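K.L.:
Position 102, counted from 1, in the sequence shown is what numbering that gives the first Met the number 0 calls 101; the numbers after and before it change by one each time, with no gaps.
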Amino acid sequence: MTSIAFAQAIDVEQKLEELDKIERSVEFIGRTIDNADNDNTLIGARSKLLDLQSAIDAVVVPVEERITVLTAQLEALGPAPAEGGSESLQVRSDREETMAQRQELRIVTTRADELDQNINKAFERIADLRRQIFTNRLSQRSPITIDLLASISGDSLTAISRFQSKLRTWWTVKVAPDPRPFGLVFAFFCILLLGVLVLTRRANSILSSSTSRLNALILPFATTIIPVGLLGLALALGYWAMDFASLFNAELRVFVRTLFIVVFGVSFAFRLSRAVFSPGNSELRLVPLSSFAAQRIHVLVSSLALVHALDYLTRQLGQLVNAPLAFTIGNSFLASVLIAILLLLLARVRDKREDDVSRSLPPWVRIPLLLASIAIILAAVAGYIGLARFMAQQLVVTGTILATAFLGYLLSSEAGKPGVLAPTRVGQWLKDRFSLDETDVDQYALFASIGFFILVLLAAIPAILLQWGSRVEDLFAWMRQAIVGIQIGSFEFSLASIFYGIIIFAIGVAVTRLFQSWLGNTVLERTRADHGVKDSIRTGVGYVGIALSIFLGITGAGVDLGSLAIVAGALSLGIGFGLQNVVSNFVSGLIMLVERPIKVGDFVQASGFSGTVSKISVRATEINTIHNQTIIIPNSDFINAPVGNWTHKIRSGRVDIPIGVAYGSNLELVRDLMLELAHDHENVLKRPEPFVFFEGFGDSSINFQLRIHVNDYTIYPRVQTDLLFAIDNVFRENNVEIPFPQRDLNIRTADPKIMDQLTGKAQAKPKPRSRAKPKSDGETGS
Numbered sequence: 000m001t002s003i004a005f006a007q008a009i010d011v012e013q014k015l016e017e018l019d020k021i022e023r024s025v026e027f028i029g030r031t032i033d034n035a036d037n038d039n040t041l042i043g044a045r046s047k048l049l050d051l052q053s054a055i056d057a058v059v060v061p062v063e064e065r066i067t068v069l070t071a072q073l074e075a076l077g078p079a080p081a082e083g084g085s086e087s088l089q090v091r092s093d094r095e096e097t098m099a100q101r102q103e104l105r106i107v108t109t110r111a112d113e114l115d116q117n118i119n120k121a122f123e124r125i126a127d128l129r130r131q132i133f134t135n136r137l138s139q140r141s142p143i144t145i146d147l148l149a150s151i152s153g154d155s156l157t158a159i160s161r162f163q164s165k166l167r168t169w170w171t172v173k174v175a176p177d178p179r180p181f182g183l184v185f186a187f188f189c190i191l192l193l194g195v196l197v198l199t200r201r202a203n204s205i206l207s208s209s210t211s212r213l214n215a216l217i218l219p220f221a222t223t224i225i226p227v228g229l230l231g232l233a234l235a236l237g238y239w240a241m242d243f244a245s246l247f248n249a250e251l252r253v254f255v256r257t258l259f260i261v262v263f264g265v266s267f268a269f270r271l272s273r274a275v276f277s278p279g280n281s282e283l284r285l286v287p288l289s290s291f292a293a294q295r296i297h298v299l300v301s302s303l304a305l306v307h308a309l310d311y312l313t314r315q316l317g318q319l320v321n322a323p324l325a326f327t328i329g330n331s332f333l334a335s336v337l338i339a340i341l342l343l344l345l346a347r348v349r350d351k352r353e354d355d356v357s358r359s360l361p362p363w364v365r366i367p368l369l370l371a372s373i374a375i376i377l378a379a380v381a382g383y384i385g386l387a388r389f390m391a392q393q394l395v396v397t398g399t400i401l402a403t404a405f406l407g408y409l410l411s412s413e414a415g416k417p418g419v420l421a422p423t424r425v426g427q428w429l430k431d432r433f434s435l436d437e438t439d440v441d442q443y444a445l446f447a448s449i450g451f452f453i454l455v456l457l458a459a460i461p462a463i464l465l466q467w468g469s470r471v472e473d474l475f476a477w478m479r480q481a482i483v484g485i486q487i488g489s490f491e492f493s494l495a496s497i498f499y500g501i502i503i504f505a506i507g508v509a510v511t512r513l514f515q516s517w518l519g520n521t522v523l524e525r526t527r528a529d530h531g532v533k534d535s536i537r538t539g540v541g542y543v544g545i546a547l548s549i550f551l552g553i554t555g556a557g558v559d560l561g562s563l564a565i566v567a568g569a570l571s572l573g574i575g576f577g578l579q580n581v582v583s584n585f586v587s588g589l590i591m592l593v594e595r596p597i598k599v600g601d602f603v604q605a606s607g608f609s610g611t612v613s614k615i616s617v618r619a620t621e622i623n624t625i626h627n628q629t630i631i632i633p634n635s636d637f638i639n640a641p642v643g644n645w646t647h648k649i650r651s652g653r654v655d656i657p658i659g660v661a662y663g664s665n666l667e668l669v670r671d672l673m674l675e676l677a678h679d680h681e682n683v684l685k686r687p688e689p690f691v692f693f694e695g696f697g698d699s700s701i702n703f704q705l706r707i708h709v710n711d712y713t714i715y716p717r718v719q720t721d722l723l724f725a726i727d728n729v730f731r732e733n734n735v736e737i738p739f740p741q742r743d744l745n746i747r748t749a750d751p752k753i754m755d756q757l758t759g760k761a762q763a764k765p766k767p768r769s770r771a772k773p774k775s776d777g778e779t780g781s
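1. In this structure, does DSSP put His708 in helix, strand or coil?
2. Find the nearest neighbour of Gly200 within the set Arg270, Leu368, Ser150, Phe259, judged by alpha-carbon distance.
3. What first and last residue would you give for the beta strand (DSSP E) that runs through Gly385?
4. Using the beta-carbon count (16 or more within 10 Å), is Asp354 buried or exposed?
5. By how many angstroms is the C-alpha of Leu474 removed from the C-alpha of Trp517?
6. Quick one: any contact between the region 443-453 and the region 408-423, if contact means 3 or more CB pairs under 8 angstroms?
7. Could you tell me which whole beta strand (DSSP E) segments of length 3 or greater appear in the region 302-340?
8. Closest to Val660 by C-alpha separation, out of Ala121, Ile632, Pro740, Ile707, would be which residue?
9. Quick one: what's got a C-beta closer than 6 angstroms to Leu156's C-beta in the same chain, skipping five residues either side?
10. Quick check on DSSP: helix, strand or coil for Arg201?
11. Between Ala444 and Gly317, how many whole angstroms is the CB-CB distance? I'm expecting something under 8 angstroms.
12. Does the separation of the CB atoms of Val654 and Ile707 fall below 8 angstroms?
13. Alpha helix (DSSP H) containing Asn584: first to last residue?
14. Identify the residues that DSSP records as bridge partners of Ile701: which are they?
15. Confirm, please, whether the CB-CB distance from Leu236 to Leu183 is below 8 angstroms.
16. By DSSP, does Arg527 sit in helix, in strand, or in coil?
17. From which residue to which residue does the alpha helix (DSSP H) around Thr720 run?
18. Report the partner residues of Phe602 according to the DSSP bridge assignment.
19. Among all the DSSP beta bridges, which residues are the ones paired with Ala619?
20. Within the continuous alpha helix (DSSP H) that includes Val735, where are the two ends?
21. Have a look at Phe585, Gln52, Ile625 and flag the residue whose alpha-carbon is nearest the alpha-carbon of Ala619.
22. Give me, in chain order, the residues of the same chain whose beta-carbon lies closer than 7 angstroms to that of Val62; leave out the 5 immediate sequence neighbours on both sides.
23. So, with DSSP's three-state summary, where would you put Gly541?
24. Please give the ranges of any alpha helix (DSSP H) in the region 106-193, keeping only runs that are unbroken, at least 4 residues long and fully inside the region.
25. Compute the Euclidean distance between the alpha carbons of Ser357 and Ile622, then round it to the nearest angstrom.
26. Quick one: grab the DSSP three-state call for Asp655.
27. One question on the structure: do Pro278 and His297 come within less than 8 angstroms of each other, judged by their Cβ atoms?
28. What does a CB cutoff of less than 7 angstroms around Ile28 pick up in its chain, not counting 5 residues either side in sequence?
29. Do the region 301-320 and the region 254-274 touch if we need at least three Cβ pairs shorter than 8 angstroms?
30. On the DSSP letters alone, give me the boundaries of the alpha helix (DSSP H) that Glu12 sits inside.
31. I'd like to know if the region 169-183 and the region 240-252 are in contact, where contact means that at least 3 CB-CB pairs between them fall below 8 angstroms.
32. For the region 698-707 against the region 629-644, are there 3 or more C-beta pairs whose distance is under 8 angstroms?
33. Suppose contacts are defined by Cβ-Cβ distances below 8 angstroms. Is Ala268 in contact with Ala304 by that definition?
34. From Leu666, Gln704, Asn734, Val709, pick the residue whose C-alpha is nearest to that of Pro687; which is it?
35. Can you tell me whether Arg273 is helix, strand or coil according to DSSP?
36. What three-state label does DSSP hand Asn644 in the structure shown?
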């Protein structure tokens, strides 16, 4: 049979021989692990074990595929009949042969599983030994005695003398016979450093011209990453040039590489500190300190980086000249104590006493610095030089990495805020180059800020892990494991498959958008379909493309679609109760796209609002009213409730304009004047013809209706306004009066006094007579 022949193509004996060879290699590496006395040997053993795991996978994967085929064949043949049952001899023979083949192949997979378990045990052994070596190195005690201190100075002079001798030998052998290669390399260095200086000043002049918060956050990166990156490139090219010119010998190669790394690290720390604390420009300073405090902190931080770099360089120098142990101990002791003293000074930084407000570092920074500096001094004095140096190194290097990552977080957070990127030069260039508005720029800025923050994390996390004992080989091993596959319970996934699925989805969405644009601008543009039909077709194509992209992305990520059926069944209950409105609106949107009861550009009346349909999306429809107000109405309201569509079939419509004239007017003239005005208007249709309808005699006017048909009902307010203005003007010219309501009041009975007041016959009231004043005793009559 086909499946049996397919299985027989595998040479089981050959597979077992390959596994035996791998087993012997595992045993050899195991003996190497047991005899290892340093971390480098263990790292190399771990790397070899990872390669052996890949070799096991290469052996087992074809076997597992064959077993899957045989299992499917057995399921097709069905189970063996019960006792007393009968079946074809051919079927029985095929079943027995297939089971035998599968059983033979399972020997290979079982053996591979055992080897894989042995390799995992070796990994655990390596991890235990590495932790033990690390602990021993930190806990090793070297008492600081008088004899040790006395021998440090002599051993230091001896190491310096040996280094000078090696330099003289290098110059005599490599440079003196032909100094031209050295001169060319030196000139190349000078040109590169000059370029770094020019670009640095250019970046400073551009960014320092603005004092915005975004520029204050970009400045540390622009004036640190760009110049230091160029400096690193210059150093790398210089190192390559020296190697190409054969200016190295075996002893100085490692020292020169270390020297270049030290120059790169000190330059990075110095520029980052100056950009963050900005002693000369308080407006660009990222911390709330005075210029005095910022200057002191900048000097102390730069000194910390310099001391740590010199310590690292001196250790490499000691290895180069085979310096005595006292030289190494003295160097580590001095560097640890100096770093601790600088940390103490950094924790006690304050503003000037004469300042109105005396500020210092916050307690959550100051207190840990004090405790760490005291711990380093105590460990160094007690003789635990390795522990003191390790703590000092982690404080300096890890602190620099965390500060850089924190600045990256601040920069990404600030750049993602609305309205921050658009006013900048980059935002203006994006708007001019790609015809974007401010909202689009803000959206792209948000995605860019998220991507930048992810890049910061991807750079900071490995750097911190390397500082805390991990090796580059460990990082590559973790990355390989994450890419190949991570198993959580019975679920297995890999970052490679997830990334592959995301790429497929992104490509599908991009192709869908391009096809929509081509369809709308090329194919549909040449048809006679109206705008609503074109928009419905483009939207439907977009839905189909997005659905296919999701399906292909999930499949590309390695997710079993059969397992998604279980999840869909579990979610169906929630959809039925909690998401029924969302699903109803989604289905209604699809119905609207297919049946097209309304389309983009229609003038509709729904849910108490009237306006023009501007967009039909998955969940809701947007309507723009005549007041330029956007109303968002759920799609289900257009399907489950009455909707008035003034432009469903045709865009033309009838407009009734009421007009009233005074009694006694020439009615035939009124009719002729209105019809003439209607015929003269460009937006009034000739068919059906305008018509003047005599409504009747009103209380104060004779009422007419001018009935016209416009070619686009959405413009009827403008047409009606034009005609009303024209009617008023032409009526004035022809002495046709447009009356206003009047009332005659007939009074049959009323109080005579009220009637007198209304007719103006009321008599004025007589004035009251004034009383005569009594005469005094001294007055006499005439």
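Each residue gets a CB set at the ideal place from its N, CA and C atoms; glycine is no exception. Note that the structure is predicted; figures quoted are calculated from it, not measured.
P.N.:
Quick look at the numbers:
1. Here the question's residue 708 lines up with position 709 in the sequence shown. Note: His708 maps to strand in three-state DSSP.
2. Numbered from its first residue, the sequence shown carries residue 200 at position 201. Looking at the sequence itself, residue 200 is Arg, so the reference to Gly does not match. For the residues Arg270, Leu368, Ser150, Phe259, the minimum Cα distance to Arg200 belongs to Arg270.
3. The sequence position of residue 385 within the sequence shown is 386, counting from 1. Premise fails: Gly385 lies in the alpha helix (DSSP H), 384-414, not in any beta strand (DSSP E).
4. The residue given as residue 354 occupies position 355 in the sequence shown. With a pLDDT of 48 at Asp354, under the threshold of 50, the modelled position of that residue is not reliable, and no figure is offered here.
5. The residue you call residue 517 lines up with position 518 of the sequence shown. The residue you call residue 474 lines up with position 475 of the sequence shown. Distance between the alpha carbons of Trp517 and Leu474: 46 angstroms.
6. yes
7. none
8. Counting from 1 along the sequence shown, the entry for residue 660 is found at position 661. The residue with the shortest Cα to Cα distance from Val660 is Pro740.
9. As a working mapping, residue 156 is identified with position 157 in the sequence shown. Nothing listed; no residue qualifies.
10. Working through the sequence shown from its first residue, we reach residue 201 at position 202. Looking at Arg201 - three-state DSSP - the assignment turns out to be helix.
11. Position 445 of the sequence shown, counting from 1, holds the residue named residue 444. Position 318 of the sequence shown, counting from 1, holds the residue named residue 317. The Cβ separation is near 50 angstroms, so there is no contact.
12. Numbered from its first residue, the sequence shown carries residue 654 at position 655. Numbered from its first residue, the sequence shown carries residue 707 at position 708. Yes, the Cβ-Cβ distance between Val654 and Ile707 is below 8 angstroms.
13. Your numbering for residue 584 matches position 585 in the sequence shown. Start and end: 579-594.
14. Locating residue 701 in the sequence shown gives position 702, counting from the first residue. According to DSSP, which records beta bridges pairwise, Ile701 is partnered with Val660, Phe696.
15. For the purposes of this step, residue 183 is taken as the residue at position 184 of the sequence shown. For the purposes of this step, residue 236 is taken as the residue at position 237 of the sequence shown. Going by C-beta atoms, Leu183 is not nearer than 8 angstroms to Leu236.
16. Walking along the sequence shown from the start, residue 527 turns up at place 528. In the structure shown, Arg527 sits in coil (DSSP, three-state: anything other than H, G, I, E or B).
17. Within the sequence shown, residue 720 is the residue found at index 721, counting from 1. Unbroken alpha helix (DSSP H) run through Thr720: 715-732.
18. For this step, residue 602 is matched to residue 603 along the sequence shown. DSSP lists Thr611 as partners of Phe602.
19. As a first step, residue 619 must be located in the sequence shown, where it is residue number 620. In DSSP, Ala619 forms a bridge with Pro633.
20. Here residue 735 is taken as the residue at index 736 of the sequence shown, counted from 1. Taken as a continuous stretch (DSSP letters only), Val735 belongs to no alpha helix (DSSP H), as it is neither H nor E.
21. For the purposes of this step, residue 619 is identified with residue 620 of the sequence shown, where counting begins at 1. Checked all of Phe585, Gln52, Ile625; the closest Cα to Ala619 is Phe585.
22. In the sequence shown, the residue the question calls residue 62 occupies position 63. The answer, listed in chain order, is Ile9, Lys14, Leu104, Val107, Thr108.
23. For the purposes of this step, residue 541 is taken as the residue at position 542 of the sequence shown. If DSSP states are grouped into helix, strand and coil, Gly541 belongs with the helices.
24. 145-169
25. Numbered from its first residue, the sequence shown carries residue 357 at position 358. Numbered from its first residue, the sequence shown carries residue 622 at position 623. Low local confidence applies: a pLDDT of 45 at Ser357 is under 50, so the model's placement there is unreliable, and no value is given.
26. Here residue 655 is taken as the residue at index 656 of the sequence shown, counted from 1. DSSP places Asp655 in strand when its eight states are reduced to three.
27. Position 279 of the sequence shown, counted from the first residue, corresponds to residue 278. Position 298 of the sequence shown, counted from the first residue, corresponds to residue 297. In this structure, His297 lies closer than 8 angstroms to Pro278 by Cβ.
28. Start at 1 with the first residue of the sequence shown, and residue 28 comes out as number 29. Here the set comprises Ala44, Lys47, Leu48, Ala121.
29. yes
30. Start at 1 with the first residue of the sequence shown, and residue 12 comes out as number 13. It spans 11-33 - the alpha helix (DSSP H) in which Glu12 sits, taken as one unbroken run.
31. yes
32. no
33. As a first step, residue 268 is located in the sequence shown; it is residue number 269 there, counting from the start. As a first step, residue 304 is located in the sequence shown; it is residue number 305 there, counting from the start. Cβ atoms of Ala268 and Ala304: closer than 8 angstroms.
34. Taking the first residue of the sequence shown as position 1, residue 687 is located at position 688. The candidate whose alpha carbon is nearest that of Pro687 is Val709.
35. One-based indexing of the sequence shown puts residue 273 at position 274. Correct three-state label for Arg273: helix.
36. If you number the sequence shown from 1, residue 644 lands on position 645. Note: Asn644 maps to strand in three-state DSSP.
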